[in-house]
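Step one of this worksheet: look at the structure below.
There are 2 protein chains.
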Amino acid sequence: MANIREIAKLAGVSVSTVSRVLNNHPYVNEKKRAEILKIIEEQNYVQNSNAVHLSTGKTMVIGVTLPLVNNQYYSSIIEGIAAEAVQHHYKLMVCQTNNNPEQERSVLHLLKNKKIDGLIMCSRSSSCETLNEYAGYGPIITCEANDTTSVSSVHIDHYQTFLIGMEYLMKKGHRRIGYCIGRKNSFNSQHRKRAYYEKLRSIDVTPSAEWSFEECLTIQDGKDVVGKLLQTEERPTAMIVSCNHIAAGIIKEASRLGISVPEDLAVVGCDDQPIGELLEITTVSSSSTLMGKYAFEMLHKRIWTQQLVGKKEEKELSPVLVERLTT
Amino acid sequence: MANIREIAKLAGVSVSTVSRVLNNHPYVNEKKRAEILKIIEEQNYVQNSNAVHLSTGKTMVIGVTLPLVNNQYYSSIIEGIAAEAVQHHYKLMVCQTNNNPEQERSVLHLLKNKKIDGLIMCSRSSSCETLNEYAGYGPIITCEANDTTSVSSVHIDHYQTFLIGMEYLMKKGHRRIGYCIGRKNSFNSQHRKRAYYEKLRSIDVTPSAEWSFEECLTIQDGKDVVGKLLQTEERPTAMIVSCNHIAAGIIKEASRLGISVPEDLAVVGCDDQPIGELLEITTVSSSSTLMGKYAFEMLHKRIWTQQLVGKKEEKELSPVLVERLTT
DNA sequence: GCTTGCTCTGAAAAGCGTTCCACATATTAT
DNA sequence: ATAATATGTGGAACGCTTTTCAGAGCAAGC
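Read top to bottom, the protein sequences are chains A and B.
The first sequence begins at 1 in our numbering and counts up one residue at a time.
The second sequence begins at 1001 in our numbering and counts up one residue at a time.
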């Protein structure tokens, strides 16, 4: 296929002029512009984007990492990102990392070798040092709180989320409350646990180790929780669960085993997945789509403003209680 | 950051030699190789991928179009694609098209301007001509059957799917059966409808226009179906529904309005979304993850085999009935 | 002893577009 | 009338790597 030089030759002008037409620069004679456009059309010419990227140093692509693609929480974030991205003519490189620092690093590397202009990490397993290191190569935004010095974030206030959930359950009279979270040591989890323990302490309840479930990621993990609850000495009367699909697993299995929800076991979920509405799960909800939108906005600003390099920025989303039928 | 010339200068060799080291060519003296690697390390050098892409004419990125990101059916396909892609060192550019031919065209364009090496279309709204046109710029695989001459596909046998569902409902004694599909005129829908009408005809039932629901895309659309069913003269006793999340909406709304499932209304869904299992929906299931895997494999083969250009290939997945509680 | 075939290396071309700088012409302001 | 500004255009450098080709040195084979 033709290149810009060929077009220039055919039009009897310099490549600069063709480039100006291609990029809508002013200062091109209208007649020439029309002529050049005609030839471009005839030759079925389009720019080679790799040459453009090489020359401009930008790719108009942003990376998005997430542990797994097939999860509504992450899908909602991407939806928010995607809607913004399309408006600003950015494309999305979606990278599944399986919570594996190796794979995550390979994505961070894309920043270094200029394949992407910026990166949104919906979840991360890399160390602070790694993140800080790569932040030097391009803007990074995490959708979790993070303790780095240079990586900005947009995140749900998970401490507040669990606080609201716990207060609500306690107001309903529950004292033996269990929790269920995903990755044990993520920042998100730490905040959740802090709220959980503080609240139980405030009513002088010593939480049993049997009430805590970690590394719950799939619906099946939720189901498994119920089996384990049955073997508990003092079974909790309520569970606060970090995601609604886990909550769904719990509810489903509970009903199969004849444990009625909410009478025998109350369940509060913590996101805005549609499954929550479908199963009428009481939830402490924040909009993950909105989070994605904010993340893109923040990233976009940083891509276009060099002064912001290294200046950390944080945006927190506040959750809201949605009362339904599982409490 | 340093470039390959600088590395060459520091190592006292030519750029070709450095390039050979970078690309693991044989024919580089081991001592020199070690020396060069050391300098690369010291200088914290990495290739500029845009220059590599420009030079090689490949980007190791494949595009994936889907109407909306936040949908489990499409997420499952992507999951299948992603798992394969990571093994072959490809990255994924995920593009939400909202079933809009304009937006779809902008993605096809990526093939033309060399931003992606191939394209998987999980769903498409573009015309055959458009598809054939762009197929000249790089391999395209659709995850729906298509009637082009040059675009290959991996798809679920939707005719068979509806056939199995219909036969099953008929065996259970249903005669007034309705259906619920997504986009009215997609290839998938046409096949489904053909099976639906054929089967009803085989038992001499004339389907009422009131039994057919098209353009059902969201859970809410499913709920709305129930409202409309209530106003029907002769209400169907069973519904065959193209996706389980629509089926979920139907079931949910039915239970709210006191219509019992399956006694008053039997429901069969047609995919393998987890929501189907959660709500115990009877479904005619095929693995969308597997479809994604096959799609990548086919695409990958085509990227590396020029002979295949223009040779159409089709792979069909057969569905299986999973009996649960909604029938 | 001469040919053949490896191993190893560098120069240069090819891949392609953007942008800065210099220069020319035309128009407006003083 | 002259300076200043706006408009329009081309040349050349720049961004960076891969790959082909040519050639040198050396070992093995006939």
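Beta carbons: idealized from backbone N, C-alpha and C, even for Gly.
Residue 283 of chain A: not part of any alpha helix (DSSP H); member of the beta strand (DSSP E) spanning 282–285, first to last residue. Only 274, 275, 277, 278, 279 and 280 from the region 260–288 of chain A bring a Cβ to less than 9 angstroms from some Cβ of chain B. Proximity of chain B to residue 79 of chain A at the Cβ level (cut-off 9 angstroms) is accounted for by 1068, 1069, 1070 and 1096, in chain order. With fewer than 16 other Cβ atoms from the protein chains shown falling within 10 Å of its own Cβ, residue 1209 of chain B counts as exposed.
Near chain B, meaning a CB-to-CB distance below 8 angstroms, the residues of the region 91–124 of chain A are 91, 92, 93, 94, 95, 96, 103, 109, 110, 112, 113, 114 and 115. Nearest CB-CB separation between residue 1049 of chain B and chain A: below the 7 angstroms threshold. A Cβ of chain B is located within less than 7 angstroms of the beta carbon of residue 75 of chain A.
As computed with DSSP, residue 179 of chain A is found in a beta bridge with A/212 and A/240. Closest by C-alpha distance to residue 309 of chain A, out of A/90, A/133 and A/1, is A/133.
Interface annotation for the region 130–155 of chain A against chain B: 137, criterion Cβ-Cβ distance under 9 angstroms. Pairing residue 80 of chain A with residue 315 of chain A gives a Cβ-Cβ distance that is not under 7 angstroms. Residue 296 of chain A places its beta carbon less than 7 angstroms from that of residue 84 of chain A. Contact annotation: the region 182–202 of chain A touches the region 158–173 of chain A, with at least three C-beta pairs closer than 8 angstroms. For the C-beta of residue 1254 of chain B, not a single chain A residue is nearer than 7 angstroms; the gap to the nearest is close to 13 angstroms. Interface with chain B (7 angstroms Cβ-Cβ cutoff): residue 54 of chain A is included.
In this structure, residue 1075 of chain B places its C-beta atom within 7 angstroms of the C-beta atom of residue 75 of chain A. Inclusion of residue 1267 of chain B and residue 1319 of chain B in the CB contact set at 7 angstroms is not warranted, their separation being larger than that value.
Secondary structure at residue 198 of chain A: helix, using DSSP grouped into helix, strand and coil. Partner residues in a beta bridge of residue 1081 of chain B, as assigned by DSSP, do not exist. Distance from the CA atom of residue 1252 of chain B to the CA atom of residue 287 of chain A, rounded to whole angstroms, is 23 angstroms.
Nearest to residue 1103 of chain B by C-alpha distance, out of A/193, A/95, A/66 and A/91, is A/91. A residue is called buried when at least 16 other Cβ atoms come within 10 angstroms of its Cβ; residue 1096 of chain B meets this threshold and is buried.
Contiguous beta strand (DSSP E) elements confined to the region 47–79 of chain A occur at 61–66, taking only those with 3 or more residues.
Proximity of chain A to residue 1219 of chain B at the Cβ level (cut-off 7 angstroms) is accounted for by 274 and 278, in chain order. For residue 1034 of chain B, the enclosing alpha helix (DSSP H) has its first and last residue at 1030–1043. Listed along chain B are 1069 and 1096, each with a C-beta nearer than 7 angstroms to that of residue 82 of chain A. Residue 181 of chain A is not a Cβ neighbour of residue 194 of chain A, given a cutoff of 7 angstroms. Between residue 1015 of chain B and residue 1005 of chain B, the CB-CB gap stays under 7 angstroms.
Pairing residue 218 of chain A with residue 262 of chain A gives a Cβ-Cβ distance that is not under 7 angstroms.
Interface with chain B (7 angstroms Cβ-Cβ cutoff): residue 248 of chain A is included. When the Cα atoms are used, residue 265 of chain A and residue 1311 of chain B turn out to be separated by approximately 59 angstroms. Looking at the backbone, the Cα of residue 1224 of chain B and that of residue 149 of chain A are separated by about 50 angstroms. Taking a Cβ-Cβ cut-off of 8 angstroms, the neighbours of residue 1059 of chain B in chain A comprise 50, given in sequence order. Listed in chain order, the positions of the region 18–33 of chain A with a beta carbon within less than 8 angstroms of a beta carbon of chain B would be empty, since no residue qualifies. According to DSSP, residue 1095 of chain B shares a beta bridge with B/1065. The criterion of a C-beta distance shorter than 7 angstroms is not satisfied by residue 43 of chain A and residue 11 of chain A.
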